[in-house]
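Below: one structure, written as structure tokens.
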Amino acid sequence: MNPRYGGGMETRELRYFVAVAEELHFGRAAQRLGIAQPPLSRAIRQLERRLGVTLLERTSRAVALTEAGAVLLREGRAALDAVDAADRRTRRAASGGPGLVLVTKAGAAADLLPRTLAGYAAQPGAVAVDVQLCGIGEQERLLRDGRADVALLHLPFDSVAGFDYEELGTEGQVAIVPAGHPSAALEKLTMAEAAVLPGLPLPRWPHRDGSYPDGPGPEVRDNAQLFQLIALGRAAAVLPESVRLHLRTDLAAVPVPDAPLVTTVIAWPAHSRSLAVAGLVRAAQATMPRL
1 MNPRYGGGME TRELRYFVAV AEELHFGRAA QRLGIAQPPL SRAIRQLERR LGVTLLERTS
61 RAVALTEAGA VLLREGRAAL DAVDAADRRT RRAASGGPGL VLVTKAGAAA DLLPRTLAGY
121 AAQPGAVAVD VQLCGIGEQE RLLRDGRADV ALLHLPFDSV AGFDYEELGT EGQVAIVPAG
181 HPSAALEKLT MAEAAVLPGL PLPRWPHRDG SYPDGPGPEV RDNAQLFQLI ALGRAAAVLP
241 ESVRLHLRTD LAAVPVPDAP LVTTVIAWPA HSRSLAVAGL VRAAQATMPR L
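No gaps in the numbering here: position 242 of the sequence shown is 242 in full-length UniProt numbering, and each next residue is one more.
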């Protein structure tokens, strides 16, 4: 039997509803789910009757979410993510995988990460930590879907909704430009100026869900690709000030005082009881005075 949520809602029904709500088309949702359309329609009507609300407004030409439907879509996604994450973590534990999986954006936390890992390894009972370096904006998704136990995230760009977290440090931002570009000699830039540097468009970001401001430039997947594009004179970017620590010699950093402050956090699933996660968080917190 499928697990049930309050009011008798089954995960199967929730998956059906989320598919329809995302597609806003019963035919496409049925195809995505691998079922016929009539049973899908019946399941949604049964769900609406059980909840006593209308979730979808249907016409002969369109399907639209009601206000109640929008709430269930948001909450349903979170609930299904939690179920899938629990399944993945349970299977990983049973398979004898690494004790902890930590994800961080490639090229980020270059100074924080080694100190955190060293501090944790020195703790009694420390387990193996598998560090996975991911593309820009991917670490939050990996933590939500259960492929990671802990993540280093960056506010305001990543969302910590549904996670427990501890702040590790806050910093300003700088514009990264080619070392030979006229802007590299400037004392500072405003955000507005950084967005219109001649020949250096700001990039487009994948996996951003509206949190990373898009520019008109090339789409980037990770910092290595981004820095190469900047060095070639194809883009510029506004990034946390800590990128200065290991900046390539063909790039320059110009302060952007009016850019939003960036806070690095270590995040983990809410209400976790893992002693290993708690130990890793303590090790990360111990680095705070040195950030």
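Quick reminder that beta carbons are idealized off the backbone N, C-alpha and C, glycines included.
Range covered by the beta strand (DSSP E) that runs through residue i
i: residue 173; result: 173-178
i: residue 132; result: 129-134
i: residue 148; result: No beta strand (DSSP E) contains residue 148, which DSSP labels as neither H nor E.
i: residue 56; result: 56-58
i: residue 65; result: 63-65
i: residue 192; result: Where residue 192 is concerned, there is no enclosing beta strand (DSSP E), although the alpha helix (DSSP H) it sits in stretches over 191-194.
i: residue 237; result: 237-240
Cross-strand partners of residue i (DSSP beta bridge)
i: residue 170; result: 263
i: residue 104; result: 133
i: residue 268; result: 164
i: residue 255; result: 174
i: residue 219; result: 204
i: residue 153; result: 265
Pairwise C-alpha distance: residue j and residue i
i: residue 162; j: residue 21; result: 21 Å
i: residue 58; j: residue 82; result: 30 Å
i: residue 129; j: residue 40; result: 43 Å
i: residue 234; j: residue 247; result: 17 Å
i: residue 196; j: residue 182; result: 13 Å
i: residue 210; j: residue 249; result: With a pLDDT of 45 at residue 210, under the threshold of 50, the predicted position of this residue should be treated as unreliable, and no value is reported.
i: residue 89; j: residue 184; result: 46 Å
i: residue 295; j: residue 132; result: This structure cannot speak to residue 295, because the chain is shown only from 1 to 291.
i: residue 156; j: residue 166; result: 14 Å
i: residue 68; j: residue 46; result: 15 Å
i: residue 48; j: residue 17; result: 10 Å
i: residue 121; j: residue 141; result: 26 Å
i: residue 36; j: residue 30; result: 6 Å
i: residue 176; j: residue 267; result: 27 Å
i: residue 66; j: residue 26; result: 16 Å
i: residue 158; j: residue 271; result: 20 Å
i: residue 227; j: residue 236; result: 9 Å
i: residue 80; j: residue 52; result: 22 Å
i: residue 191; j: residue 224; result: 23 Å
i: residue 33; j: residue 278; result: 38 Å
i: residue 23; j: residue 71; result: 16 Å
i: residue 232; j: residue 38; result: 55 Å
i: residue 10; j: residue 137; result: 31 Å
i: residue 28; j: residue 169; result: 45 Å
i: residue 75; j: residue 242; result: 35 Å
Under 8 Å between C-beta atoms of residue i and residue j
i: residue 171; j: residue 262; result: yes
i: residue 287; j: residue 112; result: yes
i: residue 102; j: residue 150; result: yes
i: residue 273; j: residue 174; result: no
i: residue 54; j: residue 284; result: no
i: residue 85; j: residue 146; result: yes
i: residue 251; j: residue 179; result: yes
i: residue 198; j: residue 215; result: no
Residue i: first and last residue of the uninterrupted alpha helix (DSSP H) it sits in
i: residue 277; result: 275-285
i: residue 18; result: 11-23
i: residue 38; result: 37-51
i: residue 114; result: 112-121
i: residue 26; result: 26-33
Integer-rounded CB distance, given that residue j should sit under 8 Å from residue i
i: residue 256; j: residue 188; result: 7 Å
i: residue 222; j: residue 106; result: 5 Å
i: residue 13; j: residue 43; result: 6 Å
i: residue 203; j: residue 218; result: 6 Å
i: residue 135; j: residue 276; result: The Cβ separation is near 26 Å, so there is no contact.
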